[in-house]
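Okay, so the sequence shown: first residue is 813 according to the numbering used here, each after it adds one.
Cβ atoms here follow ideal geometry from the backbone N, Cα and C, with glycine treated the same way.
Everything on this sheet refers to the single structure shown next.
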Amino acid sequence: MEKFLRTKGSVGDLPPMQEPPRGTFEPEPAPRSRELLASYFDLESPGGPLHAQCTADVGRRLAQDLPVPVYQIASLGLLRQALKTEEPGRPNPDDPRDLPVSLRSARWQHLCALTENWSGLSTGDRSRLVTALAKLGFWKTIAALVPADPAGRDLDALRLAYFRHNADAQLAGDARSAAAAFVRARGVMETIARTEEFDPAVRYGAAAHMIVLCAKGEKQKALADMRYWLAAADDVADRAGVEMEPLHTSIYWRGVAFIPFFEGDHAEVDRQLQLAEKYALEAVASADGDTRLLALENVHPVLETSGRSAKARGDIEGAERFYRRMTEWDPLDPKAHVRLADFLMGESRIAEAREAYRTAAGLGAPYASYAHCQAARCSLRLEQPDQAHGALVASATLDRQALSPLILLRDISTDGGLAPLRQWAVDELAVRLRAAR
């Protein structure tokens, strides 16, 4: 699979992009990001991919003074950056208070009021607010509000610390700083898993999450750490006195499956992921209105992990089945279609991959630029370069840090009539490389 090259320079350092020459390519339709991700701007719009529905649910819970859970699908900084690049003329706040008052929904205004009143909030309300800010991808706001070393050992205080360290990782200017912040966040999760006073379900989930967080670094040390946290999770469950809920058990089995994966025991990985799916579907079946989205969302990563596992053990049909189920389970999430398309591309099923990439590109942020570029690569492999030009222009326009679409456009625009398009690609490539120095 060819790499999708991007600069590490700041988009803010770039001059306005010159319009690509009209008449040299067929423009692609605009992505549906603003429609499908409206909840990221109002905390209330229904619909869209599951992660957007969860964002609206966070707004509901925040407005009704209900507990705000930590949803599994995180909002990385890349999402807001992609939204900002797609439609620079529309409001794209870096902080919730940047959104003009006239454009704020009631839930958004409540979010802003809580943020303004930070000093007057209890630790519990601060925790709820920061959980909402993290779901919205407002990492700079979290870093500005939460001290670098938050005090307190109760669960809400530890959640604040965890999100502050995650904010530091998101905002880090280099890999070393990001890794250091990740280690601090992992330390907080370890504290949660070890604290006897916390609810067993909380500790059980934290211990299972520690298995995943430890799956990095030198293999033998990672395995030892993961086995330790497996034993810790099992001990919490054994002493809880009640059976863990299906959702928590599903998350547990998905985390535990990392251990046999590291050991190369693909049959055991398959068995454990089947259990993760079994409990995930049980959670969906038994969910009430308040827990339904938590259960629905959980199925998405279970299917994704199962697809990767099937591919790793050589079960190509199984992998495709899981990836297609992802697109059926969460059809408006472009990531699901990208995962399927990447799989099909790897299997040299180029025409099918192109259709999946095109679907992802149409759905939008944060995968539109990558998906357009990959669709263009498919067109080139299918010897249909005329269908690649518009996709490459769209890719370059939707992500001003992207280099791959400009390089490809430069290299394929050899026909005399495409000279203006080639020159545009050359000039814009030079601008991006110069800004990255």
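Limits of the alpha helix (DSSP H) - the one that residue i falls within
i: Trp930; result: It is not in any alpha helix (DSSP H) - Trp930 carries neither H nor E in the DSSP assignment.
i: Lys1147; result: Pro1146 to Gly1158
i: Val1000; result: Ala987 to Arg1006
i: Gln884; result: Per DSSP, Gln884 belongs to no alpha helix (DSSP H) and is neither H nor E.
i: Tyr1179; result: Looking at the DSSP string, Tyr1179 is not in any alpha helix (DSSP H), and its letter there is neither H nor E.
i: Cys1026; result: Neither: Cys1026 is in no alpha helix (DSSP H) and is coded neither H nor E.
i: Thr867; result: Leu862 to Ala875
i: Met813; result: Note, Met813: premise wrong, no alpha helix (DSSP H); not H, not E.
i: Glu1116; result: Arg1104 to Ala1124
i: Glu1080; result: His1078 to Ser1098
i: Ala1237; result: Ala1231 to Ala1248
i: Asp854; result: Ser851 to Asp854
i: Val823; result: Unbroken run through Val823: none, as it is neither H nor E.
i: Pro843; result: Segment: none, Pro843 is in no alpha helix (DSSP H) and carries neither H nor E.
i: Gly1228; result: No alpha helix (DSSP H) contains Gly1228, which DSSP labels as neither H nor E.
i: Arg971; result: Leu967 to Leu983
i: Ser934; result: Element bounds for Ser934: n/a, residue is neither H nor E.
i: Pro1058; result: Pro1058 to Val1068
Three-state secondary structure (DSSP) of residue i
i: Ala960; result: coil
i: Ala1214; result: strand
i: Arg916; result: coil
i: Arg818; result: strand
i: Asp1050; result: helix
i: Phe950; result: coil
i: Phe837; result: coil
i: Pro1012; result: helix
i: Gly1017; result: helix
i: Gln893; result: helix
i: Arg1133; result: helix
i: Leu1204; result: helix
i: Ser939; result: helix
i: Asp1037; result: helix
i: Gln1196; result: coil
i: Ser857; result: coil
i: Arg902; result: coil
i: Asp1223; result: helix
Rounded straight-line distance, which links the Cα of residue j to that of residue i
i: Pro879; j: Arg873; result: 6 Å
i: Gly1101; j: Gln1199; result: 45 Å
i: Ala1231; j: Thr1209; result: 19 Å
i: His1184; j: Thr897; result: 15 Å
i: Arg892; j: Asp869; result: 19 Å
i: Ala1107; j: Gly859; result: 16 Å
i: Phe1155; j: Glu928; result: 46 Å
i: Met1001; j: Ala1045; result: 13 Å
i: His922; j: Gln1235; result: 49 Å
i: Arg1133; j: Lys1123; result: 11 Å
i: Ala1247; j: Leu826; result: 6 Å
i: Thr867; j: Ala956; result: 22 Å
i: Ala1095; j: Pro861; result: 19 Å
i: Tyr1182; j: Leu1105; result: 28 Å
i: Phe853; j: Gln982; result: 20 Å
i: Met829; j: Ser1098; result: 52 Å
i: Glu1159; j: Thr1003; result: 44 Å
i: Glu1009; j: Met813; result: 48 Å
i: Arg1170; j: Leu1218; result: 18 Å
i: Ser1225; j: Cys1190; result: 16 Å
i: Val1048; j: Ala1018; result: 10 Å
i: Ala1013; j: Tyr1040; result: 18 Å
CB of residue i within 8 Å of CB of residue j, strictly
i: Ala1242; j: Leu1221; result: no
i: Ile1023; j: Gly985; result: no
i: Trp920; j: Pro908; result: yes
i: Leu1256; j: Ser1121; result: Since the first residue of the chain shown is 813 and the last is 1249, residue 1256 is not available in this structure.
i: Ala799; j: Trp1065; result: Here the chain has residues from 813 to 1249 only, and residue 799 is not among them.
i: Arg1166; j: Ala1187; result: yes
i: Pro839; j: Gly1202; result: yes
i: Ala1163; j: Leu1194; result: yes
i: Asn904; j: Leu890; result: no
i: Leu972; j: Arg938; result: yes
i: Asp966; j: Thr943; result: no
i: Ala1177; j: Ser845; result: yes
i: Leu948; j: Leu1175; result: no
i: Asp1037; j: Cys1026; result: yes
i: Glu1109; j: Gln884; result: yes
i: Ala997; j: Tyr974; result: yes
Closer than 8 Å to chain C by CB, residue i
i: Trp1141; result: In the displayed structure, chain C is absent; only one protein chain is listed.
Closer than 7 Å: residue i CB and nearest the ligand FMN heavy atom
i: Gln982; result: The ligand content of the structure shown is nil, which means the ligand FMN is not present either.
Please determine if the stretch 912-927 and the stretch 970-984 are in contact, where contact requires at least 3 C-beta pairs separated by less than 8 Å. Counting Cβ pairs under 8 Å, fewer than three are found: no touch.
Sufficient close CB pairs (3 or more, under 8 Å) joining the stretch 1133-1152 to the stretch 1098-1118: Contact between the stretch 1133-1152 and the stretch 1098-1118 is present: three or more C-beta pairs spanning the two stretches fall below 8 Å.
Is the stretch 1211-1221 touching the stretch 819-836, taking contact as three or more C-beta pairs under 8 Å? Cβ pair count under 8 Å is three or more, so yes.
Check whether the stretch 1069-1086 and the stretch 1050-1060 are in contact - that is, three or more C-beta pairs closer than 8 Å. Contact between the stretch 1069-1086 and the stretch 1050-1060 is absent, with fewer than three C-beta pairs closer than 8 Å.
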